[in-house]
Each structure stands twice: as C-alpha cells, then as structure tokens.
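Structure below.
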C-alpha cells in the first residue's frame, strides 16, 4: 500500500482538476482540495486498497467536501437573499480549451460538469465514476451523454 | 461541432494544481503521519448491541416460558402427598375425573364400589404393601376376593379385590391410600333400599293373600295356590336376605403399581456439552431472528427512504450551473 504522501503527490492534479471543473471556481477548488487532503490524512487508516484505487477514494472524499461546500454556499446565499442570482465566476477550465467550449462548460450544471470531469478529464471508466457519484454505471453514462449533448448544442448555437 | 469533436477537445484538457496548493498538501502530508488503523469499536458496537439485546430478550423469553408438562401429570407424580389424612381429601387430590367424595349411608342399603390405583416406590416394597393392604382389610372384618401380584426386574404390579363392611369403607380407603401415591380413585354408590322396600311390600302382600287362602275351605285348587304362594314368598325372602348381606360389604378394587424404572443415564461423550451449547445457541438465534427481523426491516426501510431523499437533495443542489 502506497503511503499517504505518495498518494497525495500522485493524485493531487486529478483531485484539483475534478474540483475545479465541479465547482467552476479555481479559488474554491484550491481550498477544497487542501481540505480534501487534510481530511484524507485523518481518514487514511480507513482506506482499503482492495475496495478501489487511492484516486477513486480521494475523489469520493473530494466530492463529499465539495457537496458540503455547495450546501454552505446555498445557506449563505439564502441568508444574503441573493439565491435567485447565483454568483457567476468566469473561469478557465483548462488552457487548451477553446473559449466557446469554456463558455459551454460554464453553462452546464455542477452535476453535469462533475461527470464530464470524472469520465473525460480523469478518464475514469463508467463503473468507477459511478462509484464516486454513488449512482449506477448506466445512470452515469446517461448523464455524460446528456452533458455532451448540451455542450454540442451550446457550441452549435455559438457557431 | 459533433459530440465526438467535443469529446476530443475535452480530452486534450490538462489541469495542474497550482504550486501553492501543492506546497500546502506536501506540508500536510509531511508534518503529520497518518494515524494508525484503529480498532473499529463503533462498528463493532453497532453490531454487538442489537445482537446482545436480542439474545437477552431470547434468554428472558426462554426463562419465563411456562413448562410444557401437562398439569395432571405433575399432580400425579409430584404434587400429591404420600400421606393423606382422610378419604375425602384423597378423592379431591387423586381423582382425575373429579369424582365427589361419597360416604355410605348407614340408614339405607347401598351397593358401594371403589377403585383405587396407587403408585408405590419399587417392586421390593410391593409385596409388603400387599400384606399391609390385607391386614387393613382384615382389621375391618373384611375379606379378600382376589389377589394378583406380578413382579419383573425393577417393576411390578398388584391387583386386589377386597370386601370391606360398608360402615368402615371410608376408614379402610383412607388407610389403603397411605400405601402409595394416589394415581386415580373412583367411587360408585348405588342405592338398593328402594328395591328392598318394594320386595318387602310384595312379601307382605303375598303373606296377607296366603293368610286369606288358609281361612277359606280347603280344596285341591286352594291348596295348590297356597303352595305356590309359599314358594314365592320364601324365594323373595331369600333374595332379600342375599341382597342385604351382599350390600353389607363394599367392593374395593386396589391396584398397586411401581414407578417406571428410572431410565439408565446415558453416558455422554466429551463433546456432549458442545452439542447442548449449539442447541441453545440455535434456539437463541431463532428468537433473535424472529424478534430482530421486523426491526431490521424497519431500519432498512428508513435507511432506503433517507438515502432516496438525500440523493434527490444532492441532485437539486447540483442542478444549477
């Protein structure tokens, strides 16, 4: 079994990439990634290599942390009574992407972006991605297809 | 732009963590060693607590469960005292069918019969008990009609039919019942006084008729009639005397049986205790399953509902851009 330091070094980019696409906010993704690894250190004794790779386990933790973040954000926006107009952050998802695709990605929901991040950016197979998301592999594939179709439509409109 | 093109472009994307984040994570990983794998006490407690509760409940249920032995059997073999003060009490305790205690009437002629079954300790005391029974009968000026004794290895039985004067039958039964533990008792009383009275009236009528015939002038037919009446009266008087003499004695049928020889205790092997333990463990498990299955079903239902609600909430949370 790899040490925690090795696992952190090896999978930091994946966790950060997943969180940045999931949240659509680089600053938030940085904080959440740091929190994910702090939590992972505390819970490292629970990690069982027989049940999945360290990357899958870290992504599951990252998702829990991100969901907590989304919930606190929703509470905050409700308190400030600006829930109707969520704050949009103009983010660059990746350097190599065209501005149109960047814009189209920004138009996806967080749920759609996370499935794209897991399946395309991290290149997880359907079963592993489904395990991270807590859904079935079929459902995961359906969500990915729906997200890709929305991206295609957004790019067609832009063209 | 087709989906394939979109996918191809997305696959070219590479995201690298900023150097600042990398340093933060490295610091976290370096400064603190991950805690050692701890004993999962909470998880063990989560499993052991309901199992312990179910096992305790099963043990309580098994402990307070009433015995399955029939009450009559217990009364026969355990509750009836060997020494019984009087016949009334023996009937109350011993008669399974609830035969009332009946005392013979000294003023009327009755046919009195009683059956008494006693359980004695063993075949070695059976002959002594038979002798004691005969002595008791003799002490009340009774007599024996029949005695039949059978003994085999470890077991035996005796059947006595005795006659005891009706006036002493209660005392005789009370003493006989002390010879063993009462298994059953039965008393039959049939009143014979009405029949005797009717016969007596018939005799008196025939005697009056006979006296009238003797006063008439004697002829062969009258003499023949007198002879017939005389024979009939004598016959009735003999019958009456026989009935009174017979019913002076009560018939007591006494059965003495030894207890079944104790079953030879089987010598158990060294693993007998293990078998007993497994049997009780099985009983406990059956109770635990019977009691725990509904609880588990409810918990499962609650958990499934909670999971569905949580998933729906997460979906709603992630449905915004």
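Residue numbers (the working numbering), protein chains in the order written: chain A, 105 to 263; chain B, 62 to 382.
No residue lacks a Cβ here, since even glycine has one placed at the ideal position from N, Cα and C.
Computed from a prediction, not measured in an experiment: that's the story for all the values here.
Near residue i, what residues of its chain come up, given a Cβ to Cβ distance below 8 Å and the 5 sequence neighbours on each side ignored?
| i | result |
| --- | --- |
| residue 262 of chain A | 204, 207 and 208 |
| residue 290 of chain B | 267, 270, 271 and 274 |
| residue 352 of chain B | 115, 118 and 119 |
| residue 254 of chain A | 208, 211, 212 and 216 |
| residue 165 of chain B | 171, 173, 227, 228, 230, 231, 250 and 311 |
| residue 301 of chain B | 257, 260, 261 and 264 |
| residue 144 of chain B | Its pLDDT being 37, under 50, residue 144 of chain B is placed unreliably in this model, and the coordinates cannot settle the point. |
| residue 122 of chain B | 348 |
Excluding five sequence neighbours on each side, which residues of the same chain lie with their C-beta closer than 7 Å to the C-beta of residue i?
| i | result |
| --- | --- |
| residue 119 of chain A | 137, 140, 162, 163 and 166 |
| residue 112 of chain A | 141 |
| residue 197 of chain B | 233, 236 and 237 |
| residue 140 of chain B | Because residue 140 of chain B carries a pLDDT of 35, less than 50, the predicted location of this residue cannot be relied on, and the following value inherits that uncertainty. Excluding residues within five positions, none has a Cβ falling inside 7 Å. |
| residue 111 of chain B | 353 |
| residue 309 of chain B | 226 and 227 |
| residue 368 of chain B | none |
Taking the alpha-carbon of residue i as reference, which of the options has the nearest alpha-carbon?
| i | options | result |
| --- | --- | --- |
| residue 231 of chain A | A:157, A:178, A:149 and A:130 | A:157 |
| residue 240 of chain A | A:219, A:254 and A:227 | A:219 |
| residue 270 of chain B | B:254, B:225, B:288 and B:257 | B:288 |
| residue 87 of chain B | A:109, A:260 and A:200 | A:109 |
| residue 134 of chain A | B:80, B:92, B:91 and B:303 | B:80 |
| residue 168 of chain B | B:350, B:105 and B:227 | B:227 |
| residue 143 of chain A | A:172, A:121 and A:200 | A:172 |
| residue 253 of chain B | B:206, B:305, B:297 and B:239 | B:305 |
| residue 319 of chain B | B:89, B:183 and B:84 | B:183 |
| residue 241 of chain B | B:191, B:336 and B:199 | B:191 |
| residue 379 of chain B | A:259, A:148 and A:170 | A:170 |
| residue 210 of chain B | B:285, B:76, B:187 and B:113 | B:187 |
| residue 126 of chain A | A:196, A:149, A:145 and A:152 | A:196 |
By Cβ distance, which residues of its chain are closer than 6 Å to residue i, with the 5 residues on each side in sequence left out?
| i | result |
| --- | --- |
| residue 341 of chain B | none |
| residue 203 of chain B | 223, 224 and 225 |
| residue 314 of chain B | 176 and 222 |
| residue 364 of chain B | none |
| residue 233 of chain A | 222, 223 and 244 |
Closer than 7 Å by beta-carbon distance: list the chain A residues that pair up with residue i, in chain order.
| i | result |
| --- | --- |
| residue 89 of chain B | 141, 142 and 145 |
| residue 73 of chain B | 200 |
| residue 102 of chain B | Going along chain A, no residue has its Cβ under 7 Å from residue 102 of chain B, so there is no contact; the nearest lies around 13 Å. |
List the residues of chain B that residue i touches, going by C-beta distances under 7 Å, in chain order.
| i | result |
| --- | --- |
| residue 165 of chain A | Under the 7 Å cutoff, chain B gives no residues; its nearest Cβ is about 13 Å from residue 165 of chain A. |
| residue 252 of chain A | 64, 67 and 68 |
Along chain B, which residues have their Cβ under 9 Å away from the Cβ of residue i?
| i | result |
| --- | --- |
| residue 114 of chain A | What residue 114 of chain A touches in chain B: nothing, since even the nearest Cβ is about 11 Å away. |
| residue 256 of chain A | 62, 63, 64, 66 and 67 |
| residue 260 of chain A | 62 |
| residue 224 of chain A | 68, 71, 72 and 74 |
| residue 171 of chain A | 375, 378 and 379 |
Is residue i near the ligand FAD, in the sense that its beta carbon is under 6 Å from a heavy atom of that ligand?
| i | result |
| --- | --- |
| residue 331 of chain B | With respect to the ligand FAD, the structure offers nothing, as it holds no ligand at all. |
List the residues of chain A that residue i touches, going by C-beta distances under 8 Å, in chain order.
| i | result |
| --- | --- |
| residue 111 of chain B | Result: empty, since nearest Cβ-Cβ is about 23 Å, beyond 8 Å. |
| residue 122 of chain B | Neighbours of residue 122 of chain B on chain A: none; closest Cβ ~39 Å, over 8 Å. |
Report the neighbours of residue i on chain B: residues whose CB is nearer than 8 Å to its CB, in chain order.
| i | result |
| --- | --- |
| residue 205 of chain A | 67, 70 and 71 |
Segments assigned beta strand (DSSP E), at least 3 residues, entirely inside the stretch 275-348 of chain B:
Within the stretch 275-348 of chain B, the complete beta strand (DSSP E) runs of at least 3 residues are 310-319.
Name the residues in the stretch 327-354 of chain B whose C-beta lies less than 8 Å from a C-beta of chain A; which are they?
none
Taking a Cβ distance cut-off of 7 Å, strictly less, list which residues of the stretch 119-135 of chain A are near chain B, in chain order.
Listed by position along the chain: 120, 121, 124 and 134.
Select from the stretch 208-219 of chain A all residues with a C-beta closer than 9 Å to any C-beta belonging to chain B, and list them in chain order.
208, 209, 210, 211, 212, 213, 214, 215, 216, 217 and 218
Only counting runs of 4 or more residues, tell me where the alpha helix (DSSP H) segments fall wholly within the stretch 244-276 of chain B, in order along the chain.
254-276
Got a sec: which bits of the stretch 355-375 of chain B sit with their beta carbon under 8 Å from any beta carbon on chain A, in order along the chain?
372 and 375
Below 9 Å between beta carbons is the criterion; list the residues of the stretch 174-186 of chain A that meet it against any residue of chain B, in chain order.
174, 175 and 178
Taking only runs that begin and end inside the stretch 106-164 of chain A, name each unbroken alpha helix (DSSP H) of 4 or more residues, in chain order.
Here the runs fully enclosed are 108-127 and 130-147.
Entirely within the stretch 165-238 of chain B and at least 4 residues each: give me those alpha helix (DSSP H) ranges in chain order.
As far as the stretch 165-238 of chain B is concerned, its whole alpha helix (DSSP H) runs of at least 4 residues are 184-200 and 230-238.
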